[in-house]
Structure formats: C-alpha cells, structure tokens
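Protein chains: 4
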Amino acid sequence: MSLTADQNAEIAALRAQTIATHRATVPALEEILFEALPVLDHGFVRVIDYMGDDAAVVQAARVSYGRGTRKVSEDAGLIRYLMRHWHSTPFEMAEIKLHVKLPIFIARQWIRHRTANVNETSARYSILDKEFYIPDADHLAAQSDTNRQGRGAVLEGAEAARILELLRTEALHSYQTYEDLLNVDEDGNPRDPGSDGLARELARMALPLNIYTQWYWKIDLHNFMHFLRLRADPHAQYEIRAYAECLLEVLRRWVPLTHAAFLDYRLGAVQLSATALTVVRQLLAGESVNPDASGLSKREWRELMDQLGRP
Amino acid sequence: MSLTADQNAEIAALRAQTIATHRATVPALEEILFEALPVLDHGFVRVIDYMGDDAAVVQAARVSYGRGTRKVSEDAGLIRYLMRHWHSTPFEMAEIKLHVKLPIFIARQWIRHRTANVNETSARYSILDKEFYIPDADHLAAQSDTNRQGRGAVLEGAEAARILELLRTEALHSYQTYEDLLNVDEDGNPRDPGSDGLARELARMALPLNIYTQWYWKIDLHNFMHFLRLRADPHAQYEIRAYAECLLEVLRRWVPLTHAAFLDYRLGAVQLSATALTVVRQLLAGESVNPDASGLSKREWRELMDQLGRP
Amino acid sequence: MSLTADQNAEIAALRAQTIATHRATVPALEEILFEALPVLDHGFVRVIDYMGDDAAVVQAARVSYGRGTRKVSEDAGLIRYLMRHWHSTPFEMAEIKLHVKLPIFIARQWIRHRTANVNETSARYSILDKEFYIPDADHLAAQSDTNRQGRGAVLEGAEAARILELLRTEALHSYQTYEDLLNVDEDGNPRDPGSDGLARELARMALPLNIYTQWYWKIDLHNFMHFLRLRADPHAQYEIRAYAECLLEVLRRWVPLTHAAFLDYRLGAVQLSATALTVVRQLLAGESVNPDASGLSKREWRELMDQLGRP
Amino acid sequence: MSLTADQNAEIAALRAQTIATHRATVPALEEILFEALPVLDHGFVRVIDYMGDDAAVVQAARVSYGRGTRKVSEDAGLIRYLMRHWHSTPFEMAEIKLHVKLPIFIARQWIRHRTANVNETSARYSILDKEFYIPDADHLAAQSDTNRQGRGAVLEGAEAARILELLRTEALHSYQTYEDLLNVDEDGNPRDPGSDGLARELARMALPLNIYTQWYWKIDLHNFMHFLRLRADPHAQYEIRAYAECLLEVLRRWVPLTHAAFLDYRLGAVQLSATALTVVRQLLAGESVNPDASGLSKREWRELMDQLGRP
C-alpha cells in the first residue's frame with residue numbers, strides 16, 4: 007500500500023485537528039482514526055468516523071435518559087445477554103464509517119451485504135489508478151479437488167513463477183489497452199492530440215477484475231458483526247478474509263465488550279442441528295453411535311467429530 | 007413535558023462531560039445535545055448522537071482522503087447538485103440518533119418507515135407511565151366531509167368540552183384498569199398482597215392508543231429527509247407533523263447546507279406529471295386550456311392551479 | 007373468528023376461479039389459498055399469494071435456465087446444504103403474501119421485523135370493528151417472579167374470573183367511548199344529528215391495545231423463516247407464538263423440503279458458545295467440570311445441561 | 007444472444023408445462039414467461055416468475071377479503087391516486103423474478119439497488135463463458151467535453167475501427183490468459199496434464215469488466231419502478247438503459263394500469279424546485295424573469311426552459 011504525499015498530508019491534517027464533543031468517544035479508536043491500515047498488496051482500511059461505544063449499546067437497550075452509573079461488569083453482562091439471545095436492535099444503535107481500497111473481484115463479494123451504505127469511486131467519472139492485486143506466493147493456490155469453490159495446495163516452483171508472471175503481464179497489458187482506448191499517456195495527457203479517445207464509461211470495460219477500487223462504507227454494529235461472521239470464516243475466500251481480520255481488530259478497539267461477546271457467541275460458537283444434538287446426547291450418555299444411522303451426512307459427521315475434538 | 011429530577015440530573019451529567027475527538031463535529035448541534043425538545047403535551051425529541059456534517063457528505067461523494075480545502079460555497083453547490091439529481095448515497099453517509107417520547111398511535115405511523123433502527127421501551131418488561139396525549143383545543147377537529155382520512159373544522163364550545171372530557175376520563179379509566187390488572191397501586195406496590203396480578207405483557211392490552219411510549223431511533227440523513235418529506239407534509243396527521251417540525255429544526259442545526267437544499271428541492275418543490283407539464287407549456291404559450299380536456303382529474307387541476315398561483 | 011356472509015362469499019368466489027399458469031405451483035398450498043385459518047379468538051391468517059416452491063429455491067441457487075431433471079432427493083440435499091451454511095439468497099427467491107387479522111399489541115411486536123412489506127387497515131380512514139382479544143382461561147397468567155418479561159403460573163378461580171371480567175368491561179367501555187367520540191351508533195349512523203363527531207384519526211386514541219387490526223403482509227422465504235425462528239421460540243409471547251405456529255404449518259405445505267431443513271438446522275438446533283463447546287468437549291473426554299469455573303453463567307450452565315439432557 | 011440447444015430445450019420444457027392455479031395470473035406476461043428477451047450483443051432478460059397484477063395492488067391497498075367487483079376504471083383511478091401521492095406500500099405487494107445476463111461493469115451499477123434479491127453465478131465455482139460485450143458502432147462514443155461522466159460524439163471511421171479492434175483483442179487476450187491460468191483448453195480439458203492450474207477464485211482476476219455474468223434478480227413492483235426511473239433516465243449509461251427499456255416493456259405487459267401511471271407521474275414527470283416554481287409563476291403572470299437573478303444556476307435555468315418548451 008502506498009499513499010501519495012498529498013494523501014498522507016491530508017490524513018495528517020485531519021489527525022492534527024481536535025474538537026470538543028459531548029458525544030460518546032472511544033480513545034482507542036481515535037488513536038487510529040483516518041490512518042490507512044494496510045491489507046493485501048495495495049489495499050487498506052481507514053476508519054473515518056464512528057457513532058457510539060459499548061455503553062451506548064447498553065443505553066439504547068435500556069432506552070435510558072443518561073448513561074447510568076452502572077459498572078463495566080454490568081455492561082458486559084448485559085451485552086453478553088443481548089448477543090446470546092440474538093437481540094439485534096441495541097447493536098444497530100452504533101455505527102462505523104470506513105474508507106476501503108480493495109480489488110474489484112473482492113468488492114463484488116463485499117457488496118452482496120446489502121445492509122450497508124456505500125459510495126464508490128466512479129470509473130465513469132475518473133481514470134482508475136494502475137494498481138492490481140497480485141497474490142503473495144503463499145496464497146497462490148491450485149483449485150481444490152474436493153471443494154468446487156475452494157483452494158487446494160499452494161503452487162510452487164516454476165508453475166508458481168509462471169502464473170505470477172501471467173497475472174502481472176495480463177494486468178499491465180489490460181491497463182495499456184485502457185490508456186490506449188482513453189487516448190492518455192502515463193501522465194494523463196493525450197497520446198494523440200488529434201484523437202478524442204473512448205468515453206471513460208466504456209474504456210473501463212478493458213480493465214481486469216483485480217484492479218483496485220475504493221469506497222466509503224458505513225454500517226451499523228449488528229450488521230458489521232454479521233459481515234464479519236461470514237467473511238472471517240475459514241470458508242470465505244482468503245482475500246476478503248484478510249479485510250475481515252483487519253476489521254476484527256477495529257471492532258476490538260471500538261467496542262471491546264461487544265468484541266469479546268462476539269468471539270464467544272458467534273465466531274467461536276458452533277451450531278448443532280437437532281440431529282447433531284441427539285448424537286451428542288447419546289455420546290454423553292455413553293452410548294455408541296453408528297455414523298451411518300445417525301441421520302448426519304458423512305461430511306456433517308466428520309465436522310461434528312472435529313468440533314467435539316474426537317478423532 | 008416533564009422530566010423527573012433524576013432524568014434532568016442524568017441529562018445534565020451528560021452535557022457536563024466534554025471529550026476531545028478528531029471526528030467531524032457540529033457545534034450548533036452539540037448545543038442541544040441530550041436536551042429534551044418538547045413536542046405535544048408530554049412528548050419530546052432528544053438528539054443522543056450524530057455522525058458527520060455537511061462536509062462529510064461532500065467528502066463521501068468524492069471518496070476522498072481528507073476534507074479538502076474547498077470553500078463552503080463549493081460544498082453547497084455539490085450538495086445542491088446531489089439533491090437535485092437524486093444521488094442518495096452521499097446523504098446516507100451521515101447518521102443521527104434520537105430519543106423520542108410519543109403516543110402509541112403516532113408511533114405506529116412512524117414505525118412504517120423501515121429504514122431506521124429502533125429500540126422501544128417494552129411494556130412486557132416495564133410498567134408504562136400514566137401519561138396520555140390529549141389534544142389542545144386548537145387541534146380538536148371534526149371528521150372532514152371531503153377527505154375520508156382528514157380533519158375538518160375545529161370543534162368548539164360545548165362539544166369540544168364534552169369530547170375533551172371523554173378523552174380524559176377514558177384514559178384515566180383505562181389506566182386504573184391497567185393498575186388493577188397488574189395489582190399495583192400508584193406507588194407500584196401490590197394492592198392486594200394475596201394476589202399475583204396479571205402478567206405485564208397481558209395487562210398492557212387495556213391501555214389506550216394515546217398512552218406515551220419511548221424509543222431510541224437512529225437513521226441516516228437520506229432516510230431522515232425522506233421521513234421529513236412525508237411527515238412534514240400538510241397531508242400528514244397533525245400530531246406526527248408536530249414531531250417532523252421539531253426534527254426539521256434539528257436538521258437545520260446539524261447540516262445547514264443540506265437543509266437549505268432540502269427545502270428547495272424537496273419540501274418546497276412540486277412534481278408536475280407529464281400531463282400537467284403539457285398544461286403548463288400550453289399556458290405559457292398563451293393557449294387557453296379546457297380543464298375537462300386536459301387529461302387531469304378535477305382535483306389534479308385544482309391543485310395545479312393552486313401551485314401555479316392562478317385563481 | 008367470524009367472517010361476515012359477504013366476506014365468505016368473496017373468498018368462495020376467489021377459490022372458485024382457476025386459471026392456467028406456467029409458473030411454479032404448489033397444490034398443497036393451493037388447497038388452502040384465501041381461506042381464513044383461525045388464530046386466537048378473532049384472528050386469522052389467510053394465504054393470498056405465493057411465488058416459488060422448493061424447486062425454485064434450487065433453480066435460483068444454480069442460476070439455471072430450466073428446472074433441471076434432478077430428483078427430489080438431490081433438491082433436498084442442496085436445500086439442507088444451503089440452510090446449514092447460512093446461504094440466504096436462494097431462499098430469498100421465494101415469496102409469500104398473507105392477510106392477517108391480529109390484536110394491535112401483537113401487531114406492534116410483529117412489525118419490528120422490517121424486512122417485509124405491509125399494508126394495514128387505516129383507522130384514520132375506516133372505523134375499526136368491535137373485536138377485542140380476550141385470552142382463554144389457559145393463557146391468563148400471572149407475572150413471572152424470575153423473568154421480568156415472562157409469564158408465571160396460570161391464574162385460577164375467582165382471580166381469573168375477576169381479571170377476565172375487567173378485560174371485557176374495559177374493552178367495551180373503550181369502544182363505547184370511541185363511538186361516542188365519533189358520534190356514531192352501532193349501525194354507523196350519527197347519534198346526534200346536530201353534532202359532527204371527532205375526526206377518526208383522533209377518536210381512535212381511545213381504543214385499547216387488544217382491539218383487532220388487519221394487514222396484508224408479504225415476505226420472502228428467508229425472512230419468513232427468520233421471523234418464525236424468533237416468534238415460534240418459547241421465549242416469545244404466547245399470542246404471537248400462536249400465529250407463528252399457524253405459519254409453520256403454512257411453511258410445511260408450501261416448501262416441505264425447506265421446512266424439514268428449517269426444523270433440523272434452525273428451530274430444533276442449539277448454538278454452543280465457544281465456552282460451552284469447551285465444556286462439552288471436557289464432558290465427552292470424561293473430565294468433571296466445575297460449573298463455577300466453566301466460564302458460563304449459572305443460567306447458561308443450567309440451559310446447557312438441559313440441552314444436553316443431563317440432570 | 008445465443009442460447010445452447012440444451013438451454014432452449016429447457017426453456018421449451020418449462021413453457022410446455024401448464025398448471026391450474028387460483029392465484030392472480032396475467033396472460034400477457036405468461037406469453038413471454040421464461041423466454042430470453044435479447045439485450046445488447048449477448049445479454050438477455052428472462053421473466054421467471056411473478057406475483058400479483060394491477061388488481062392485486064388495489065386489493066392490498068384496500069386490505070380486502072376478495073378482489074371486489076369494481077371496474078377497471080376504478081382500479082386505474084386508485085392506482086393513479088396511489089402513484090401520485092407516493093403511496094409505496096401497495097406497489098410493494100407485487101413481485102417479479104428475472105434471470106438476467108449482463109456484462110460485469112453493468113452488473114456493478116445494477117447491484118447498487120439494494121432493495122432486491124440476487125443470486126449470481128459464481129466464478130469461484132464455475133468457469134465463465136467466453137462472451138464479452140463489444141458495443142455497436144452506434145454506441146462507440148468519445149468522452150464528453152462538458153460532462154465528466156457522460157459520452158460525447160460517436161466515434162467514426164478509422165478511430166472507431168481501431169477502438170473496436172482494441173476491445174476485441176483485449177477481451178480475447180484476457181480470456182486466453184484465464185484459460186492458461188486455469189490450465190484448461192477450449193473444451194474444458196487440462197492443457198498440461200501435469201499441472202494443477204490456479205484456483206478458479208483467483209484465475210478470474212484476469213477477466214475484463216465486459217465479460218458477461220448472470221443472475222436471478224427478484225424485486226417488488228415499487229422498487230422495480232424506482233430502478234426504472236433511475237436507469238431508464240437519459241443520464242444513465244446507455245448499456246444499462248438498454249436493459250431498463252426491455253424491462254419497461256415487461257412492466258407494460260405485467261401491470262398495464264400501473265405502467266401508464268408510472269409514465270405520467272414518474273418517467274415523464276418533472277420536478278420543479280421551490281425556486282423554479284417561483285420562476286414559472288412569474289412567467290405565467292407575464293413578468294419577465296432575469297436568469298441571473300432567478301436563484302437558479304445556469305444549468306438549472308437551461309433545463310427548466312427546455313422542460314417548459316421555451317427557446
């Protein structure tokens with residue numbers, strides 16, 4: 007990730023400014039406000055603004071006039087209670103706004119979460135920067151044999167090198183075509199002064215899905231955690247998980263009590279189907295259970311045994 | 007509207023607290039933060055928190071790194087442009103959280119706006135206060151003759167007095183039954199120590215629709231204006247309009263440039279149907295237009311002439 | 007529940023009409039289309055329309071051109087897979103529209119689910135019918151001692167009789183005031199021809215929360231199940247659960263494969279927090295676990311032991 | 007647009023099937039059900055299912071038991087009334103489900119409408135077809151000089167030819183890289199049997215934004231019209247307008263009364279700001295108005311004069 011000197015100066019200017027407010031304020035989040043937290047090779051997450059904190063969740067749940075005189079331990083207890091019983095509305099009372107830079111193919115997964123507000127840079131309006139996502143060698147994986155939508159073994163040696171080269175070359179080739187269509191050179195000047203160039207809204211068609219885009223993204227705490235539950239999951243594509251992990255750390259700074267409850271009741275929790283619950287009860291009663299007669303599919307059985315820590 | 011001494015103390019404690027933040031802050035809104043702005047006889051609106059200001063709308067529209075060095079006049083121009091062309095996403099980037107006390111029959115209209123977050127006091131959990139909405143004499147109106155869902159002339163004299171008396175008596179009668187069902191006296195103590203009383207979630211059934219409830223309500227600026235457009239409209243019921251007018255003033259303090267654009271392009275604007283536009287063109291061309299042949303209904307014609315300031 | 011002769015005739019007329027369609031059609035649901043399924047004393051649920059069936063969920067998940075030649079067993083497997091892995095979008099591709107009659111205090115709980123479309127009878131426009139919810143003796147319960155928002159023991163004998171009498175009398179008293187305010191008699195004629203009566207939008211304020219209202223309610227299959235998961239839960243108030251149970255039967259008729267998966271993975275499933283999972287692993291490994299050192303609250307421990315079928 | 011023989015057979019099989027239903031059914035829409043309506047060079051729109059018709063909108067608005075015996079003219083009047091007064095909920099009571107094939111850069115605009123349900127083909131799971139959007143010569147336009155996000159003059163002659171060639175070559179080049187990364191040949195067989203190929207979820211990064219994708223898209227009638235209002239607008243990019251125009255025709259077949267009201271009150275309507283309304287009143291009163299003193303910007307003035315048909 008690299009910001010220009012101008013961008014860094016703009017961020018520094020924002021951070022230099024301090025104003026008095028009566029609102030709920032979170033020092034640990036203020037510490038990183040506006041800063042670009044790096045993700046992938048050119049991406050970032052910037053926290054632009056937030057509303058509310060752990061205590062604000064509690065205050066909304068109680069529809070109270072003030073913030074009360076309760077102790078942190080009581081707030082923690084109520085937050086755990088709300089999370090455990092799927093009370094979503096108090097968590098909707100806090101909000102966060104982010105500036106995110108991410109490759110388009112990840113943006114397309116991300117946007118499927120409809121319960122957020124989004125303002126994206128428009129390639130109808132501006133010329134996109136020459137920045138593409140190229141995976142680290144560690145994340146360059148073959149197609150999975152067993153999972154039609156997953157990754158298998160990491161590629162190595164000559165094959166890895168060949169594939170990285172293909173990705174890089176293709177990205178540059180596409181971008182060159184893009185500039186050619188627009189009739190601009192690297193500095194944004196016309197290549198051929200006698201020619202108009204294709205409209206930006208059409209020229210962008212030549213760009214590949216790993217070019218970076220940017221957006222402002224605003225979401226309430228409840229839906230933020232829903233996003234994290236799905237996207238910090240091991241089944242999610244690595245690239246979006248990389249963002250989710252950065253956001254988990256933002257969550258921890260912002261609302262530490264909620265974050266702890268989230269880890270316990272959502273991210274680290276398991277759901278047992280009615281059938282799986284019956285199996286667990288039988289096992290606890292010391293009965294032997296025949297996988298084939300359990301009502302679970304082979305994969306469900308295997309996953310359940312993994313969750314229960316049984317070989 | 008009357009708050010208890012405890013409630014006033016809680017609010018004063020919040021207002022006494024001031025913390026430094028890097029976030030966008032609006033002094034004119036901070037001035038009234040947490041205070042109870044009175045509406046109707048016992049209702050209020052309290053601004054609990056907010057995110058963003060006029061400049062934040064602009065910043066999101068530009069997906070920019072900082073707040074830029076543009077002048078207020080440029081921000082005003084962009085905000086007018088966005089409003090005029092129905093660009094909603096930049097306005098979704100600001101958010102406000104309110105604490106509202108309102109009669110249940112108004113709460114039922116209000117909640118029809120689904121694009122907000124709500125936490126309401128639960129009458130399953132708590133006993134509701136003995137506060138009912140009773141209209142001012144000025145707002146005690148007969149059924150309209152011409153509009154099945156509107157009000158006609160204001161009632162006067164003996165009839166007005168009789169109706170006010172009926173409303174007051176009925177409210178007290180219902181509340182007495184409520185306490186009787188709950189087996190509590192005015193101080194919340196059991197009336198009959200040998201009796202259990204009906205569960206709160208059932209006893210509330212006896213309460214009338216003009217009893218007051220409370221909620222925390224959070225909404226983004228775009229949807230806030232949509233709510234105001236519908237509820238500050240003369241066709242809206244007076245009681246919800248009273249809240250909308252209080253909220254319009256909150257809007258003015260919070261985002262003055264957006265507020266001005268909203269008045270021009272939404273609240274004070276008129277929509278001309280294709281048919282009405284044809285009529286206006288004909289009138290401007292000096293042609294005489296026959297209402298019956300215009301394609302407009304009688305009511306549409308009358309409203310158009312009103313809008314155009316023609317007798 | 008009682009419909010007028012006119013209403014029954016309207017329903018019969020709809021059921022008599024049969025038209026040919028190419029759309030996905032569900033005979034088991036067509037059987038009860040338009041009929042009023044009774045709930046509580048005067049309420050009902052009527053299925054007005056639906057879009058899609060189990061196969062349509064599968065077809066959408068595959069983004070396919072036709073319905074394919076797969077067997078029911080393959081569809082069942084895919085539906086179970088989608089449900090288990092929280093893939094919500096294919097279930098959003100089916101939709102149902104209901105006409106529901108329900109008491110206002112239940113309507114206020116129901117409407118908190120924002121992801122549905124609603125058209126409610128307006129008491130600004132029409133005069134509401136004289137129908138109130140009065141609980142069966144079986145459901146007339148005292149306030150719970152242990153749960154601030156639950157019910158305790160069922161009331162009996164003289165106290166039950168007294169409370170039922172209070173509820174009935176209060177409802178009639180309120181309705182009489184309502185008619186008095188409106189200046190209408192039982193047949194809808196003016197009581198006092200010289201008087202105007204209060205506007206309907208104000209007179210309704212005197213009505214109690216157990217009067218019945220009606221609405222058209224439309225929701226997609228995913229959000230329908232989310233509603234059912236929360237409202238068919240034993241923690242939900244009995245009166246809304248009565249509706250949820252009726253709707254569960256509608257679900258079974260409409261999409262039997264989805265219904266079966268829903269029972270297994272949602273309604274009959276349990277969620278184990280990370281802490282609870284550790285306890286279960288320890289128990290399965292034959293270790294003894296000290297509740298106080300487990301990290302679970304007393305209530306969580308008790309509920310976990312209940313779920314696991316341990317004394 | 008070209009479907010395979012298999013796809014055509016699947017569609018024909020669906021159309022051959024006819025079932026009896028009691029539901030609201032629209033013969034004019036049944037006529038084209040499942041058929042692929044061509045848009046752009048390889049795209050299409052297929053109507054997969056629908057719920058409701060014009061009469062169902064009316065029935066929901068009245069919360070009625072049956073469909074009533076009213077005449078079409080009364081339904082038309084009520085629908086016009088609802089549209090004119092921005093009553094959105096009755097229109098939310100009808101729903102349509104489409105299968106759409108469209109280029110990814112258009113899909114990215116389309117998905118910004120969040121109030122719809124979407125199931126998209128996953129390029130993590132499947133290999134995308136070799137189909138790219140290449141504009142017709144008529145739509146190959148230069149960047150606008152006056153509008154940063156619009157098109158200017160259509161390109162002609164050698165420049166047009168050069169640009170078309172660039173677009174075609176780039177698409178093929180990218181797709182070849184895609185196959186190379188996946189290690190598959192044109193028939194889907196491994197190119198190099200000793201190599202694994204890159205995971206599909208990564209290989210897709212090389213694809214350009216004009217490759218076609220597909221989705222199932224379901225939306226209610228109110229939000230469908232909102233989409234059409236924005237996307238059938240002359241300011242919308244031509245390519246998405248091409249879809250909107252196809253959808254307008256679907257709307258006409260489905261709900262002809264609503265379609266007519268939509269054209270009058272939305273698509274053909276103009277909104278006059280409070281400032282513009284003042285200008286119109288002055289003009290009608292025969293006053294001369296100075297554009298610079300009118301309060302309108304130059305562009306607003308010009309657009310207003312256009313709308314009013316004044317030179």
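Those protein sequence lines, which keep their order, are chains A, B, C and D.
Counting in this note's numbering, the first sequence runs from 7 upward without gaps.
Counting in this note's numbering, the second sequence runs from 7 upward without gaps.
Counting in this note's numbering, the third sequence runs from 7 upward without gaps.
Counting in this note's numbering, the fourth sequence runs from 7 upward without gaps.
Just so you know, even glycine gets a beta-carbon here, dropped at the ideal spot from N, CA and C.
C-alpha gap between B/Ser8 and B/Ala42, whole angstroms: The alpha-carbon atoms of B/Ser8 and B/Ala42 are separated by roughly 9 Å.
Beta carbon of C/Ile85 nearer than 8 Å to that of C/Ala267: The Cβ atoms of C/Ile85 and C/Ala267 lie closer than 8 Å to each other.
Proximal residues, the segment 217-232 of chain C versus chain D, C-beta separation under 8 Å: Taking 8 Å as the upper bound on Cβ-Cβ separation, chain D lies near residues Gln220, Trp221, Tyr222, Lys224, Asp226 of the segment 217-232 of chain C.
Unbroken beta strand (DSSP E) run spanning A/Gly163, endpoints: Segment 163-188 is the alpha helix (DSSP H) holding A/Gly163; no beta strand (DSSP E) there.
Residue interval of the alpha helix (DSSP H) (run including D/Leu35): Taken as a continuous stretch (DSSP letters only), the alpha helix (DSSP H) holding D/Leu35 covers 33-36.
Same chain, Cβ closer than 6 Å to A/Lys107, neighbours up to 5 away in sequence not counted: The answer, listed in chain order, is Gly49, Phe50, Tyr218, Gln220.
Cutoff 8 Å: C/Pro196 Cβ touching any chain B Cβ: Not one chain B Cβ lies under 8 Å of C/Pro196.
CB-CB length for B/Glu245 against B/Leu46, believed under 8 Å: That pair is a contact at about 6 Å.
Cβ distance (whole Å) where C/Val69 is taken to contact D/Tyr222 below 8 Å: About 6 Å separates the two Cβ atoms, so the contact holds.
Of the listed residues C/His91, C/Ala275, C/Val295, C/Gln155, nearest to C/Thr284 (C-alpha basis): It is C/Val295 whose Cα lies nearest to the Cα of C/Thr284.
CB contact check: D/Ile117 to chain A, cutoff 8 Å: The C-beta of D/Ile117 comes closer than 8 Å to at least one C-beta of chain A.
Secondary structure of A/Glu110, DSSP reduced to three states: The sequence as given places Ile at residue 110 of chain A; Glu does not occur at that position. A/Ile110 falls in the helix class under three-state DSSP.
Short CB-CB distance (under 8 Å) between B/Gly203 and chain C: Closer than 8 Å: yes.
Neighbour flag for B/Gly200 against chain A, beta carbons, 8 Å: Between B/Gly200 and chain A, the shortest Cβ-Cβ separation is not below 8 Å.
Rounded C-alpha distance that separates D/Ala26 from C/Ile54: Near 16 Å, if we compare the C-alpha coordinates of C/Ile54 and D/Ala26.
Residue from D/Ile38, D/Val190, D/Tyr181 whose Cα sits closest to the Cα of D/Cys252: Measuring from the Cα of D/Cys252, the nearest candidate turns out to be D/Ile38.
C/Phe31 classed as buried or exposed, judged by whether at least 16 other C-beta atoms fall within 10 angstroms: Per the sequence presented here, residue 31 of chain C reads as Thr, with Phe not at that position. Around the beta carbon of C/Thr31, 16 or more other beta carbons lie within 10 angstroms, which makes this residue buried.
Cβ-based contacts, 9 Å cut-off: residues of the segment 39-53 of chain B near chain A: Cβ contacts with chain A: Leu39, Phe40, Ala42, Arg52.
Simplified DSSP state of A/Asn195, which is helix, strand or coil: In the structure shown, A/Asn195 sits in coil (DSSP, three-state: anything other than H, G, I, E or B).
Where the alpha helix (DSSP H) through B/Asp142 begins and ends: No alpha helix (DSSP H) contains B/Asp142, which DSSP labels as neither H nor E.
Beta-carbon proximity check, D/Ser150 vs A/Ala205, cutoff 8 Å: Closer than 8 Å, so yes.
Contact list for C/Ser3 against chain A, beta-carbon separation under 8 Å: The requested residue 3 of chain C is not part of the displayed model; chain C covers only 7 to 317.
For A/Pro240 and D/Ala154, the rounded distance between their alpha carbons: For the sequence presented, residue 154 of chain D should be read as Arg rather than Ala. Each residue's Cα considered, the two are about 42 Å apart.
Euclidean distance between Cα positions of A/Glu16 and A/Arg235: Using only the alpha carbons, I get a separation of about 33 Å.
Cβ pair C/Pro214, B/Ser180 closer than 8 Å: In this structure, B/Ser180 lies closer than 8 Å to C/Pro214 by Cβ.
Distance CB(B/Leu273)-CB(B/Phe97) smaller than 8 Å: Not in contact: B/Leu273 and B/Phe97 (Cβ atoms no closer than 8 Å).
Where C/Thr183 meets chain B, residues with beta-carbon distance less than 7 Å: The answer, in chain order, is Leu172, Glu176.
Close-in-space but distant-in-sequence residues of the same chain around D/Ala250 (CB under 6 Å, 5 per side omitted): Leu234, Arg237, Ala238.
D/Lys304 versus D/Ala282, D/Asp193, D/Trp116, D/Arg120, residue with shortest Cα-Cα distance: Distance from the Cα of D/Lys304 is smallest, within the candidate group D/Ala282, D/Asp193, D/Trp116, D/Arg120, for D/Ala282.
Interface partners of D/Gly156 on chain B, CB under 9 Å: Correct list: empty, because the minimum Cβ distance to chain B is about 13 Å.
Candidates D/Leu35, D/Arg287, D/Arg21: closest to D/Leu257 by CA position: Comparing alpha-carbon positions, the option among D/Leu35, D/Arg287, D/Arg21 lying closest to D/Leu257 turns out to be D/Leu35.
Spatial distance of C/Glu162 from C/Asp142 (CA atoms): Roughly 12 Å separates the two Cα atoms.
DSSP beta-bridge partners of D/Thr219: For D/Thr219, the pairing in a beta bridge is given by DSSP as D/Leu108.
Partners in chain B for A/Val124, counting only beta-carbon separations shorter than 7 Å: Here the neighbours are Thr95.
Complete alpha helix (DSSP H) runs within the segment 220-246 of chain A (minimum length 4 residues, chain order): DSSP runs (the alpha helix (DSSP H)) wholly in the segment 220-246 of chain A: 227-237.
Beta-bridge pairing of A/Pro214 - partner residues as DSSP gives them: Under DSSP, A/Pro214 forms a beta bridge with D/Pro214.
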